[in-house]
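Q: Can you read through this structure? Questions will come right after.
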Ligand code: SF4
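So, in structure tokens, the structure goes:
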């Protein structure tokens with residue numbers, strides 16, 4: 001794959017004033033525009049204060065923030081700017097609040113109580129809008145271009161697909177947003193990731209983002225806000241763009257952004273919480289201005305050729321330990337950097353893999369289709385196309401977990417759920433499920449899972465379990481074959 | 495938040511890169527609604543041989559007797575990557591860590607540490623390597639002087655950088671929400687000018 005990763009040290013700081021004068025010094029990136037329009041205060045010696053338009057919360061990272069707020073007797077500044085959902089540790093077999101155990105039920109009830117006490121809107125068990133926080137925001141029109149969106153969850157970067165500055169925060173920050181509707185933020189560096197040309201047939205958004213992470217490594221964008229652009233990115237649907245932005249955190253980025261365009265605007269139009277009438281006209285006029293200026297300078301630029309991207313499968317225990325399906329498991333000797341070498345041997349040991357083994361020879365016994373990365377309707381359609389008329393291998397347990405009740409309803413109306421059920425997949429209720437296994441959807445020691453989620457960390461899906469991150473198409477194909485499949489090679493051979 | 499100006503303590507060298515928050519505190523311990531009770535589950539899957547956490551893993555460095563009472567964690571690049579769970583720094587702090595020394599940290603984890611008054615110290619890869627080498631042959635004690643941004647190890651002194659406001663907050667134990675609430679007028683002015691659709 002041809003690409004260039006170069007830190008542009010020749011950028012603004014080293015340019016002399018003469019060179020600068022021939023430039024438009026006002027040229028700014030999308031990130032800088034979003035930053036500027038949310039800047040509340042920039043007092044010398046203090047970290048800048050930014051305004052938060054939308055705050056999304058869930059049961060796991062909010063209870064201590066509410067408790068502290070009460071302790072200090074502080075109100076929530078703008079209850080209408082916060083929306084709550086239950087997703088992380090709910091059961092996917094029952095809508096009963098007690099179905100996922102005592103600890104989970106306690107957190108869910110605490111959220112219910114807190115939302116009531118502070119007057120927050122909550123999509124609780126059985127609510128039509130309930131679902132994974134990063135799935136419901138966009139589908140309800142809570143996610144709008146040009147806004148700042150935060151949530152106590154690192155995959156908040158998903159909402160960057162709309163040209164919103166969206167990032168995950170810790171519980172102390174959740175409390176800060178509750179009390180002040182603002183956050184202190186240090187300005188990030190900017191990185192442009194351009195994916196040139198068009199991807200080949202059968203290459204998904206998940207393959208694009210995994211290929212990017214494979215190039216940058218797991219911390220390649222730490223300290224940066226990334227803007228994705230180029231023909232291959234512009235060609236993506238909104239749901240595909242969300243898959244790309246979702247995983248920005250997996251190579252360390254503070255946030256991922258895609259400039260809003262007509263695809264974005266037509267997606268948002270008419271959504272439940274989106275502006276309507278005159279307000280809609282004003283909003284659209286504003287959103288059309290939201291793009292990086294032609295001569296704006298990024299701190300770092302990375303370029304990939306879309307045609308070189310193949311179907312991706314992770315082999316290790318960080319998302320950056322990824323390769324294409326037609327290749328082999330690497331050996332520690334393939335790495336020069338001693339830390340990467342060591343990480344590779346540790347990962348091979350944990351994953352129970354041998355260097356040099358073909359990726360298509362890796363046998364799996366579990367499949368998870370779901371998570372905020374890949375549980376939207378288009379993801380389920382893509383997986384259903386592969387599964388239609390086939391049977392899940394008898395060595396494999398496979399589950400499909402839609403991202404929200406809206407997705408579930410739509411999938412059932414389209415007959416996708418029936419396709420999955422007929423093929424031997426379990427069709428579950430929405431939630432985070434096996435992405436992090438806080439409920440009973442956990443793997444056991446030694447299980448090997450093809451998962452459409454976003455993290456393959458040790459133990460993420462259960463102590464001693466082994467996760468391979470893949471696209472929905474690949475997960476479905478692996479469920480049927482019992483191992484990874486070079487889908488495109490096998491289709492073109494037919 | 496407690497004030498932090500200087501700390502001297504024993505270092506435990508955790509020789510691993512990309513240590514994610516799922517390792518620091520696995521998800522099965524996130525179901526609490528209080529802020530306490532996480533320290534005992536710190537690094538659970540590495541620290542214990544069994545799922546219940548009854549049997550110490552003798553190969554895990556934190557379990558080695560010579561590191562009992564350590565308050566400074568020395569580790570490698572991209573520490574704290576992954577999920578935004580503040581439970582990870584809570585667990586480290588409750589276990590007894592006051593300072594984490596690494597060549598780089600994940601962004602959210604870094605802010606979370608500052609917000610709870612635990613100091614993340616960023617040194618160069620080369621300096622981290624020196625400390626790991628030293629830790630191979632002897633127990634090391636470090637003094638972290640926040641006021642002067644110095645890490646002192648016997649004869650050696652390293653300098654680290656910290657955002658000036660972060661430094662101020664740590665040194666004075668600032669209640670950051672109270673600080674921001676003093677700026678309510680500015681927030682109100684800002685809100686008055688927000689476009690109606692927003
Ligand atoms: S699906 Fe997974 S990554 Fe997404 S919000 Fe839920 S737990 Fe987090």
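Residue numbers (my numbering), protein chains in the order written: chain S, 1 to 494; chain P, 495 to 692. For glycine and all other residues, C-beta sits at the position ideal for the given N, C-alpha and C. The structure presented is a predicted model; accordingly, all values stated were derived computationally and were not measured.
1. May I ask you to verify whether the region 339–347 of chain S touches the region 423–443 of chain S, counting CB pairs closer than 8 Å and requiring at least 3?
2. Report the rounded CA-to-CA distance for residue 326 of chain S versus residue 362 of chain S, giving the unit in angstroms.
3. Does any residue of chain P bring its CB to less than 8 Å from the CB of residue 176 of chain S?
4. Got a sec? Which residues, its chain only, sit under 6 Å from residue 42 of chain S by beta carbon, not counting five neighbours each side?
5. So if I threshold CB-CB distances at 7 Å, which residues from the region 111–131 of chain S count as touching chain B?
6. Give the secondary structure of residue 4 of chain S by DSSP, where H, G and I count as helix, E and B as strand, and everything else as coil.
7. Would you check if the distance between the CB atom of residue 181 of chain S and the CB atom of residue 37 of chain S is smaller than 8 Å?
8. Within 10 Å of its beta-carbon, does residue 507 of chain P have 16 or more other beta-carbons around it, so buried, or fewer, so exposed?
9. Using a C-beta to C-beta distance shorter than 7 Å, which residues of chain P count as neighbours of residue 488 of chain S?
10. Can you find the residues in the same chain that come closer than 6 Å, C-beta to C-beta, to residue 674 of chain P, ignoring five residues on each side of it along the sequence?
11. What are the residues of the region 591–624 of chain P that lie near chain S, defined by any Cβ-Cβ distance shorter than 7 Å?
12. Starting from residue 33 of chain S, trace the alpha helix (DSSP H) in both directions and tell me its first and last residue.
13. Write down the C-beta distance between residue 285 of chain S and residue 157 of chain S rounded to the nearest angstrom, noting that I regard them as a contact closer than 8 Å.
14. Please determine whether the Cβ atom of residue 155 of chain S lies at a distance below 7 Å from any heavy atom of ligand 1.
15. Sort S:96, S:484, S:204 and S:58 by Cα distance to residue 136 of chain S and report the nearest one.
16. To the nearest angstrom, how far is it from the Cα of residue 102 of chain S to the Cα of residue 222 of chain S?
17. So residue 689 of chain P contacts chain S; which residues on that side make the cut at Cβ distance below 8 Å?
18. Would residue 196 of chain S pass as an interface residue toward chain P - the criterion being a Cβ-Cβ separation below 8 Å?
19. Does the beta-carbon of residue 72 of chain S have 16 or more other beta-carbons within 10 angstroms, so that it is buried, or is it exposed?
20. Looking at the unbroken beta strand (DSSP E) that takes in residue 594 of chain P, where does it start and where does it end?
21. Based on Cα-Cα distance, which residue from P:521, P:658 and P:636 lies nearest to residue 458 of chain S?
22. Kindly indicate which three-state DSSP category residue 305 of chain S falls into: helix, strand or coil?
23. Interface residues of chain S around residue 541 of chain P at Cβ under 8 Å?
24. How would you call residue 667 of chain P, buried or exposed, if buried means at least 16 neighbouring beta carbons within 10 angstroms?
25. Run the CB neighbour count on residue 239 of chain S, radius 10 Å, all protein chains shown included, and call it buried at 16 or more, exposed below.
26. In angstroms, rounded to a whole number, what distance separates the CA positions of residue 297 of chain S and residue 188 of chain S?
27. Of all the options P:656, P:653 and P:637, which has the alpha carbon lying nearest to the alpha carbon of residue 502 of chain P?
28. Which residues of the region 28–41 of chain S have a Cβ closer than 7 Å to any Cβ of chain P? Give them in chain order.
29. Within 8 Å (strictly less), CB to CB, does residue 138 of chain S reach chain P?
30. Indicate whether the contact test is met: 3 or more Cβ pairs, each with one atom in the region 62–71 of chain S and one in the region 525–535 of chain P, closer than 8 Å.
31. State the Cα-Cα distance for the pair residue 646 of chain P and residue 652 of chain P, rounded to the nearest angstrom.
32. When the distance is taken between beta carbons, is residue 90 of chain S closer than 8 Å to residue 154 of chain S?
33. What would DSSP say about residue 22 of chain S, mapped onto helix, strand or coil?
34. Do residue 368 of chain S and residue 465 of chain S have their C-beta atoms within less than 8 Å of each other?
35. Is it buried or exposed for residue 190 of chain S, if we count other Cβ within 10 angstroms and need 16 for buried?
36. Just the Cα atoms here: how many angstroms apart are residue 490 of chain P and residue 537 of chain P?
A: Checking against the coordinates, here is how it stands:
1. no
2. If I take the Cα positions, the gap works out to 12 Å.
3. yes
4. 48
5. Protein chains S and P are contained in the structure displayed, whereas chain B is not.
6. Low confidence applies to residue 4 of chain S: its pLDDT is 40, below 50, so where it sits in the model is not reliable, and the reading given next is rough at best. Reduced to three states, the DSSP call for residue 4 of chain S is strand.
7. no
8. buried
9. Under the 7 Å cutoff, chain P gives no residues; its nearest Cβ is about 31 Å from residue 488 of chain S.
10. none
11. 598, 600, 601, 602, 605, 606, 609 and 610
12. Counted as a single uninterrupted DSSP element, the alpha helix (DSSP H) harbouring residue 33 of chain S occupies residues 30–37.
13. That pair is no contact at about 26 Å.
14. yes
15. S:58
16. 37 Å
17. 282, 283 and 286
18. no
19. So residue 72 of chain S ends up on the exposed side.
20. 593–596
21. P:521
22. strand
23. Contact note: residue 541 of chain P does not reach chain S at a C-beta cutoff of 8 Å; the least C-beta distance is about 12 Å.
24. exposed
25. Residue 239 of chain S should be labelled buried.
26. 14 Å
27. Its Cα nearest to that of residue 502 of chain P, the residue P:637 stands out among P:656, P:653 and P:637.
28. 40 and 41
29. No, residue 138 of chain S lies away from the interface with chain P (no Cβ there is under 8 Å from its Cβ).
30. yes
31. 6 Å
32. no
33. Note that residue 22 of chain S has pLDDT 42, beneath the 50 cutoff, so the model's placement of it is unreliable and no number is given.
34. For residue 368 of chain S and residue 465 of chain S, no; Cβs fall outside 8 Å.
35. buried
36. One cannot answer for residue 490 of chain P here, as it falls past the ends of chain P, which runs 495 to 692.
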